Each structure stands twice: as structure tokens, then as C-alpha cells.
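A short worksheet on the structure shown next.
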Ligand SMILES: [Zn+2]
């Protein structure tokens, strides 16, 4: 894990369509100041609206993770947040001229490509991490998710579908940005044909096509190019999980183990984490000679509440764009 916080070397702009609206959206990723975290800005309204990418701003987890502030929302936040977290970007501003992040090819691959092209810039402050010291769990029927202590960041996901193409898939991902690029970033979102038709009838998934999702019918995969990995489905679940957990506002040290979970369960576990500060510490990594040491910043609930970004009020519009 990186010792220092990172942002982007420069800004980058591109455009694509929104999965649900089907509308063209322009997006700009910009560098941001140290300790500002990741934030979204809606640029298409009479006044810019800044929405921090924190769990206390989540307003919907039905089909994707939507964050909002005073009725202004940004949908499908998880793939771009996954790309930023996977590439070790701590501070950035994501500007959009519409209500949804462009779906691109349904994975985090195109965002990773752009981030790689512009590069990262090391910042002066150390990273602060949330280190899990005791198991924290959340369950909802047969959907279970927990996080246990681990010296690094690891995710295990299990999915199970009554379909020959998917069946049961389990994948464990041990974080490094190189592994994120190789194993996770390119895995696309997926849906069943019947589901997609229903969503369309309800005015959703209007931008959805075989160019931005793996679509499955009763016989198999409809995409002519087939799958990118035999277990692309569970890898995409890990991609989504990493993107959703970026909403904690800082990297996590622990092993997240999820079974049949989705955006709602990810948020459920993040809320449990926030409610149980006795089960984690806030740490900073420091280099001393050749060794990496962990320095505990706080162990008390009061101090934890003060430091954790999701307990803080959101910064005023524009405040984070200091770089
Ligand atoms: Zn997804």
C-alpha cells in the first residue's frame, strides 16, 4: 500500500452515454488537494453542485450506487470510483454535465486507461487508513458480508445464479494496482435479457447495449465476442465492491468477504463499520529505515468520529478544487 496520498497529474476530459438515461454525458477528472478525498460536481445546473463521494450521501442502491445532495443526484458512481481506488488515487474531482457517470464499456477499463495515460502525482501528506482490528459483519437474508483483520486489502466474493453460464463463482483478489488492472478492471457488468427488457419498459437501461454489458439469455452469452474471463461475473462484483467501499473516504486494511451481496449490502457493512469504532483503528503508514511501520492515529470513538471524513460536513462547493 502507498504511504503517501496521490492525485492526478493533470485533468482529463471525455464523454460517453449514461446506462439508464441513454444520454451523452461529458466528464472531466481533475486533480484535488491533499485530504480532500473524491468528490463529484454537477456542472449542468444553474449553480455547480458538489457532492462528496461519501457513504452518508448515498440515496439509492437499487441498480447502481447513486449519491445525492438536496435532490441533485449522480448515478452509477461505482465503476469510476473503483478505477480511482484501484489505481491508488486518494484525491480527485469528477465533473459531469449530467446525472449519471458514462457507462463506457460496462467495466472500469476505460477509466483505468485514461488514469494510466495522465499518471499520478504524489502528494505531501501520508495516507490515513481504516485498519480493521475485529470482525464486523452485516447480513440481509441469505446475503452476507463481513470484514476481518488482514494486513493489506483483500476481497473475496461468491455469487450463485441458477444459470449454466454462471452457477457458483468464487474469487479472491489481493490488492495491488497492477493486479487490479490485470484481474478486475476489465470485468464488465452483466444482466439477463428478461431483466433488461423489463428495465427498458420502465424507462431504465435505455443506453444499455451489448457494447456496455454482458447480456445472458437462457442459452448463453449474447455478446459475439464472448466473455473476457470465464468468471467475469464474480470479478465484476469485486469491481463494484471496491468502488462502493471508496465511499468510506479512506482505504481500508482488512479482508472483505461477501456472499451474494450487492450495493445495498456494501452500504450496510460500511454503516456497521461506522457504528463500531471499537473494531478498527485509524492508522498512518510511516517508513523508518527499511521498515514500514503503522502508527495508530486514534483508537477512541471520540477521536475517530472527529477524524473520519464521513462524519464531517461536506466542504463548500469548489473548496476541493484547490489544485
Ligand atoms: Zn457494476
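Numbering (my numbering), first residue to last: 1492 to 1814.
Here a beta-carbon is modelled for each residue, glycine too, at the ideal position from N, C-alpha and C.
Here the structure is a predicted model, which means the values were calculated and not measured.
Query: Whole angstroms are fine: how far does the CA of residue 1567 sit from the CA of residue 1505?; Result: 16 Å
Query: If you run the structure through DSSP and keep just helix, strand and coil, what is residue 1640?; Result: coil
Query: Taking any heavy atom of ligand 1 as the mark, which residues have a C-beta closer than 7 Å to it, listed down the chain?; Result: 1555, 1569, 1570, 1680, 1727, 1730, 1731
Query: Our contact map puts residue 1562 next to residue 1544 with C-beta atoms below 8 Å; I'd like the distance itself, whole angstroms only.; Result: The pair is not a contact, with the Cβ atoms about 18 Å apart (cut-off 8 Å).
Query: When you compare each of 1524, 1518, 1526 to residue 1532 by their alpha carbons, which one comes out closest?; Result: 1518
Query: Per DSSP, which residues does residue 1498 bridge with? Please list them.; Result: 1612
Query: Rounded to whole angstroms, what is the Cα-Cα separation between residue 1788 and residue 1515?; Result: 44 Å
Query: Please determine, among 1644, 1771, 1542, 1758, the residue with the shortest C-alpha to C-alpha distance to residue 1663.; Result: 1644
Query: What separation, rounded to the nearest whole angstrom, lies between the Cα atoms of residue 1493 and residue 1782?; Result: 13 Å
Query: Output the distance between the C-alpha atoms of residue 1705 and residue 1593, rounded to the nearest integer angstrom.; Result: 17 Å
Query: Going by Cα to Cα distance, which pick from 1654, 1691, 1642, 1583 is closest to residue 1610?; Result: 1583
Query: Is residue 1772 helix, strand or coil by DSSP?; Result: strand
Query: Assuming residue 1686 is part of the alpha helix (DSSP H), what are its boundary residues?; Result: 1684-1692
Query: Per DSSP, residue 1785 is paired with what?; Result: 1776
Query: Only counting runs of 4 or more residues, tell me where the alpha helix (DSSP H) segments fall wholly within the stretch 1514-1577, in order along the chain.; Result: 1569-1577
Query: List in chain order: all unbroken beta strand (DSSP E) runs of 3+ residues lying wholly within the stretch 1703-1747.; Result: 1705-1707
Query: Using the Cβ count rule (16 or more neighbours within 10 Å means buried), how would you classify residue 1793?; Result: Its pLDDT being 44, under 50, residue 1793 is placed unreliably in this model, and the value from its coordinates should be taken loosely. It counts as exposed.
Query: Whole angstroms is fine: what's the gap from residue 1648's alpha carbon to residue 1549's?; Result: 22 Å
Query: State the Cα-Cα distance for the pair residue 1684 and residue 1714, rounded to the nearest angstrom.; Result: 11 Å
Query: Does ligand 3 have even one heavy atom less than 7 Å from the beta-carbon of residue 1711?; Result: This structure simply doesn't include ligand 3; it includes ligand 1 instead.
Query: So residue 1507 is in the beta strand (DSSP E); what residue range does that whole segment cover?; Result: 1503-1508
Query: From 1757, 1508, 1730, 1617, pick the residue whose C-alpha is nearest to that of residue 1496; which is it?; Result: 1617
Query: Whose CA, out of 1512, 1552, 1569, 1542, lies closest to the CA of residue 1735?; Result: 1569
Query: Classify residue 1695 as helix, strand or coil using the three-state DSSP reduction.; Result: coil
Query: Considering residue 1756, what are the terminal residues of the alpha helix (DSSP H) in which it resides?; Result: 1754-1766
Query: Thinking just about the alpha-carbon of each residue, which of 1547, 1707, 1692, 1699 is nearest to the one in residue 1658?; Result: 1707
Query: Could you compute how far the alpha carbon of residue 1599 sits from the alpha carbon of residue 1719?; Result: 13 Å
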